[in-house]
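A.B. asks:
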Amino acid sequence: MECVRLKAAQTLDDELATVLIISDPNECNENFSIVLKCILDNVYLDAGPMDEEGGFRGTTYETISGYALKLLTSNLFVKNCRFCLGKMLSLLNALCDHEPGVTVPEVYYQGQCLKEYLCVCLLLLLKTKNQGDLANIINVEADMVFNALRSFDFIPVFSKFIAANMKLVSEGFTSFVLLKFSCDIFFEYLYHVVVVTPEEYSAIVASKLVPVAIYQLVDNENFNTYDIDAEGYENEDQLTAYEQFKIILLINEQCLMGRYPDNLVVNSLNPTTLAGFTNLAIYYLNREESTIVKILVLKFLYLIFTTTTTSTAVYTNDLKILMDICIRELNDLDYTNPEIDSGVLVIDYLRVLYPLVSNSQVGSYKVQELKEVLEFLKAHSSEAPHHGDVIASLANSICEVEWFAEACHHSSRPLSPSRLDDSTVLSSITQAFTRVASVRTSTRADYHKHTRTHNIVRRNSRRKSGVSMATANNGNVFLKMDLPADDEEEEDARIENEANILDLPSEYVRMKPLPRLPVPQRRREVYTNNEASSSASSINSASSLVRKALRKKAPPPPTPPSQATRSASDPPTPPPPPPPRRKRHVPH
1 MECVRLKAAQ TLDDELATVL IISDPNECNE NFSIVLKCIL DNVYLDAGPM
51 DEEGGFRGTT YETISGYALK LLTSNLFVKN CRFCLGKMLS LLNALCDHEP
101 GVTVPEVYYQ GQCLKEYLCV CLLLLLKTKN QGDLANIINV EADMVFNALR
151 SFDFIPVFSK FIAANMKLVS EGFTSFVLLK FSCDIFFEYL YHVVVVTPEE
201 YSAIVASKLV PVAIYQLVDN ENFNTYDIDA EGYENEDQLT AYEQFKIILL
251 INEQCLMGRY PDNLVVNSLN PTTLAGFTNL AIYYLNREES TIVKILVLKF
301 LYLIFTTTTT STAVYTNDLK ILMDICIREL NDLDYTNPEI DSGVLVIDYL
351 RVLYPLVSNS QVGSYKVQEL KEVLEFLKAH SSEAPHHGDV IASLANSICE
401 VEWFAEACHH SSRPLSPSRL DDSTVLSSIT QAFTRVASVR TSTRADYHKH
451 TRTHNIVRRN SRRKSGVSMA TANNGNVFLK MDLPADDEEE EDARIENEAN
501 ILDLPSEYVR MKPLPRLPVP QRRREVYTNN EASSSASSIN SASSLVRKAL
551 RKKAPPPPTP PSQATRSASD PPTPPPPPPP RRKRHVPH
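full-length UniProt numbering puts the last residue of the sequence shown at 588; the count rises by one with no breaks.
1. Tell me where the alpha helix (DSSP H) around Asn-279 begins and ends.
2. Could you give the residue range of the alpha helix (DSSP H) that holds Ile-398?
3. Excluding the 5 residues preceding and the 5 following residue 611 in the sequence, name in chain order all residues of the same chain whose CB lies nearer than 7 Å to its CB.
4. Counting C-beta neighbours from all protein chains within 10 Å, is the total for Gln-368 16 or more, i.e. buried, or is it exposed?
5. Run through the DSSP bridge pairs and tell me what Pro-100 is partnered with.
6. With DSSP collapsed to three states, give me the class of Thr-197.
7. Three-state secondary structure (DSSP) at Gln-110?
8. Can you give me the Cβ contacts of Thr-310 inside the same chain, cut-off strictly under 7 Å, excluding the 5 residues immediately before and after it?
9. Would Ile-22 and Leu-76 qualify as a contact pair, given that the criterion is a beta-carbon distance under 8 Å?
10. Buried or exposed: Thr-197, going by 16 or more other Cβ atoms within 10 Å of its Cβ?
11. If you count every other CB in all the chains shown that lies within 10 Å of the CB of Phe-278, and 16 or more means buried, which is it?
12. I'd like to check one pair, Ala-213 with Ile-248: are the Cβ atoms closer than 8 Å?
13. Do Leu-20 and Lys-70 come within 8 Å of each other at the CB atom, strictly closer than that value?
14. Figure out for me which residue from Val-373, Val-357 and Thr-306 has the closest Cα to the Cα of Phe-404.
15. Quick check on DSSP: helix, strand or coil for Phe-173?
16. So what's Arg-259 in DSSP terms, helix, strand or just coil?
17. Is DSSP giving Asp-153 helix, strand or coil here?
18. Near residue 596, what residues of its chain come up, given a Cβ to Cβ distance below 7 Å and the 5 sequence neighbours on each side ignored?
19. I need the straight-line Cα distance from Lys-371 to Pro-385, nearest angstrom please.
20. Would you tell me roughly how many angstroms separate the C-alpha atoms of Ala-392 and Leu-85, rounded to the nearest one?
21. Using the three-state DSSP reduction, which class does Glu-15 fall into: helix, strand or coil?
22. Beta carbon of Phe-158, beta carbon of Ile-185: below 8 Å?
23. According to the Cβ coordinates, are Phe-176 and Leu-239 closer than 8 Å?
24. Can you tell me where the alpha helix (DSSP H) with Pro-355 in it begins and where it stops?
25. Buried or exposed: Asp-348, going by 16 or more other Cβ atoms within 10 Å of its Cβ?
26. Measure the CB-CB distance between Tyr-260 and Tyr-201 and report whether it falls below 8 Å.
27. Which first and last residues belong to the alpha helix (DSSP H) in which Asn-317 is found?
28. Within 10 angstroms of the Cβ of Leu-114, are there 16 or more other Cβ atoms? Answer buried if so, exposed if not.
29. Out of Ile-137, Ile-204 and Ala-163, point me to the one whose CA is closest to Asp-97's CA.
30. Does DSSP classify Ser-182 as helix, strand or coil?
31. If I measure Cβ to Cβ from Tyr-67 and keep anything under 7 Å in the same chain, skipping five residues before and after, which residues do I get?
32. For the putative contact between Phe-161 and Ser-182, defined by C-beta atoms under 8 Å, what is the C-beta separation to the nearest angstrom?
33. Would you decide whether Met-144 is buried or exposed? Buried here means 16 or more other CB atoms lie within 10 Å of its CB.
34. What is the rounded straight-line gap between the Cα of Ser-342 and the Cα of Leu-350?
35. Candidates Met-166, Asp-13 and Ser-65: which alpha carbon is nearest Leu-209's?
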């Protein structure tokens, strides 16, 4: 298909509108391909000159998400949703085979751009279907979307796709954002289906996604320096490690809920990487904002502590840090508030505490503090609107651990008597822990809290540091009751509520250009040479002609006539005789 390049952004929108309105299924394949080609040529490849960081000026993820929504809300997609989804997955599956250094550089670069646009489309589609207040933006049924994805082998395709992207990110051949998009799509699918089928789980195993994620995570030397209080959201190594960490935890939960005999995550960890990964899990648990991710971490720790071959592989210092975290969280969580159901999280901390206390490595560390927490939980468990008996039973089971009971016996304040002594009830509660889906404990937006918390803190700090009401009213505190919000705060709020449906840090939505991709050197020289004369528009017709000329390959030179008519066995043809000499006329 020839390059579809247009003169201006408005012309691009008009051209897309004439194609997107067509719902004829017989023309769907051709029209869908035209839309993708038009977006690729005019939004990505003609995005304007490159900046100092290697990104494109004039095109942001807000722009990309806008064009993605144009496609998702069009007649072309709504009336042919199943076909379009199959087309997207087939393209992403085919693009997994593109390898840098093997694939033609220009083709590889265009493939990266196409992967990013398709991922944004899929991510916005699944987010709107999973989020109740946005479900009607795209006029297709949620069940139809997810059933179509399952029938088109979503899990096999995306397991392979994510594993390939992890390798490319580690080698610097693609961006962190593309990896985040693909991991978020995987989460949105699990948020709807909760448990994958045995066939889908087998596909995850066959894709080698977990071994690849663990290898890339452990191989990252900077992953354990991630600090939410620092400006670390520009450090893509740390952000990449966080995405790899979450995808491993999601698959571990699927192993537990599916009750498979061999845990894929544990089997992929050797003793050295197991200790390091457990250290990382405790590190994130101490800083995590998301209830969903906290429960995922607690499930992994529970599995490690209750498995005979792994229970002693954790460092003693890590166990003590985990004890501090559990005591702090059990003190802080308000499980008596019916509006904030923290009971599930309290139960999960108690379930991890039981094998933790049973482990002799912690010794008598924080006995008095833990005793006070357990006494409080047992005394006030009846006030919990849900799970009160479960909380009391788990707290009592910890108190009955032999060394802990003996240490408490010598304390000045004895523990409260047990309320539930039925061991069979406790056993059933413990077994149910692994079968509770983390995605059902909170909203889907909760999953992304850790990534976007700094935006909220930064916006609130600007609001607090603003001018006072008296200063804004020239000293008259009675003139206006409310201060008008400044333009910057309104812009941030608009980004937070509208454009940031991609769940990216705000820097990536508006202030950060498209990610740096491995651009061919020839194309990079064109951008540099034309920077002074190119406009800020997303379409540059002057440089477009140059790039189109560069893409054309020169035809091979024609075969000389003498070689075309002569065979290899014929003797060489003698050269032609020289022309006769002209006679010179001498004047008389």
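Ideal Cβ placement from N, Cα and C applies to all residues, glycine included.
Remember, it's a predicted structure, so these values are computed and weren't measured experimentally.
C.D. replies: On the basis of the coordinates in this document:
1. 271-287
2. 388-399
3. This structure does not reach residue 611, given that the chain is present from 1 up to 588, and the question cannot be answered.
4. exposed
5. Thr-103
6. coil
7. helix
8. Val-266, Leu-274 and Ile-304
9. yes
10. exposed
11. Residue identity differs from the one stated: residue 278 is Thr in this sequence, not Phe. Counting Cβ neighbours within 10 Å, Thr-278 comes out buried, since at least 16 surround it.
12. yes
13. yes
14. Val-357
15. coil
16. coil
17. coil
18. Summary: the structure shown does not reach residue 596, with the chain confined to residues 1 through 588, and so no result is reported for it.
19. 23 Å
20. 49 Å
21. helix
22. yes
23. yes
24. 343-358
25. buried
26. yes
27. 316-332
28. buried
29. Ala-163
30. helix
31. Ile-39 and Val-43
32. 6 Å
33. exposed
34. 13 Å
35. Met-166
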